[in-house]
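So the mapping is simple: our numbering equals the position in the sequence shown, first residue as 1, plus 24. For reference, the structure is listed below as structure tokens.
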Amino acid sequence: MNRQGLNGNQLKLIAVVTMILDHIGYLIVGVGILPGLTEGSQAQAMWTLAYALLRCAGRMAFPIFCFMLVEGFFHTGDRKKYGLRLALFALISEIPFDLMSAGKLPYWASQNVFVTLTLGLLMLAVLEVIREHAQAGRRLIQQLLVILTFSGLAWFFRSDYDYIGIMLTAILYMLRFDRKQACLIGFLWMGMTAGVLYLIPGYAAAFWLLSRYNGERGKLTGTAADKYFFYLFYPVHILILVLVYRAIFG
């Protein structure tokens, strides 16, 4: 039965497209084009606007992936395999991510978003153990300590979105039975940590889309390839953009 709204794969496809736009904005426009333009020129103004629009659109991707991480945690048939897949692709993605971020290997100042998602999944597993076994009077304090611990780990490893992403994952988990409140609090959190105002519309669009989620997984091809497309997409598209950048800018 078809239900109104967006299914999980439709949301992830939106995240994929907006992530491409974000990385084009960062690497091709921000690192490649803008530094070579004359200060105050019309071309600089045009490309600065393009950069802002692309990065704004890119803010839609991460909240969607965090939301689907929480959904996946509760619906996967094997949480251990789910975590191992995330960890594997965190390792695979680090080389292209380092090349995009710094143009060299290795680059320890930042780690790819799969590291954040892996830490987020581990946090969810610990939170669930506490929810199921801890005494009611201690449960909330223990969960808060776990959230703070994993936020600290993400900050220490300098993973993409670091503690901001872990906190968002925790918000979506804790408020998973109230979609409207989860989207509202999630948007407020991401808006407060956005850094610049032009990114906030992207976050607003992301959480509006999440409010339209219909609870269905959805299908792309109807085969096992559906599962791995979204994992492979991340390192592959970054590597392609790096190659394009080097072909154009040397």
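Cβ coordinates follow ideal geometry from the N, Cα and C atoms, glycine included.
Could you tell me the distance, in whole angstroms, from the CA atom of leucine 199 to the CA atom of glutamate 118? 31 Å
For leucine 30, which residues in the same chain have their Cβ closer than 7 Å to its Cβ, ignoring the five residues on either side in sequence? Leu233, Arg236, Tyr237 and Asn238
For valine 40, which residues of its own chain have a beta-carbon under 6 Å away from its beta-carbon, when the five flanking residues on both sides are left out? Phe257
Taking Cβ positions, are isoleucine 190 and alanine 206 nearer each other than 7 Å? no
How long is the line joining the alpha carbons of glutamate 63 and leucine 77, rounded to whole angstroms? 20 Å
Is it buried or exposed, lysine 243, if we count other Cβ atoms within 10 angstroms and call 16 or more buried? exposed
For tryptophan 132, count the other beta carbons within 10 Å of its own beta carbon; 16 or more makes it buried, fewer makes it exposed. Which is it? exposed
Is it buried or exposed for proline 130, if we count other Cβ within 10 angstroms and need 16 for buried? exposed
Taking the C-alpha atoms as reference points, what is the distance between leucine 263 and serine 183? 18 Å
On the three-pair Cβ rule with 8 Å, is the stretch 134-146 touching the stretch 102-113? yes
Give the straight-line distance between the Cα atoms of phenylalanine 180 and alanine 249, rounded to the nearest whole angstrom. 34 Å
Going by DSSP, which residues form a beta bridge with serine 300? Any question about residue 300 goes unanswered here, given that the chain covers just 25 to 274.
Can you find the residues in the same chain that come closer than 6 Å, C-beta to C-beta, to asparagine 26, ignoring five residues on each side of it along the sequence? Caution is warranted here: a pLDDT of 49 is assigned to asparagine 26, below 50, making its placement in the model unreliable, and the coordinate value is therefore given only provisionally. Hits under 6 Å: none found.
From the DSSP output, which residues share a beta bridge with tyrosine 237? Leu30
Counting C-beta neighbours from all protein chains within 10 Å, is the total for valine 220 16 or more, i.e. buried, or is it exposed? exposed
Rounded to whole angstroms, what is the Cα-Cα separation between aspartate 122 and arginine 162? 41 Å
Sequence ranges, beta strand (DSSP E) only - wholly within the stretch 98-136, length at least 3: none
First and last residue of the uninterrupted alpha helix (DSSP H) at glycine 276: Any question about residue 276 goes unanswered here, given that the chain covers just 25 to 274.
Measuring CA to CA, which of Ile48, Ile52, Asp186 and Gly274 is closest to glutamine 135? Asp186
With a threshold of 7 Å between beta-carbons, can methionine 124 be considered close to chain D, or not? Going by chain labels, chain D is absent from the structure shown, which holds only one protein chain.
Can you tell me whether DSSP reads aspartate 202 as helix, strand or coil? coil
According to DSSP, simplified to helix, strand and coil, what is leucine 61? coil
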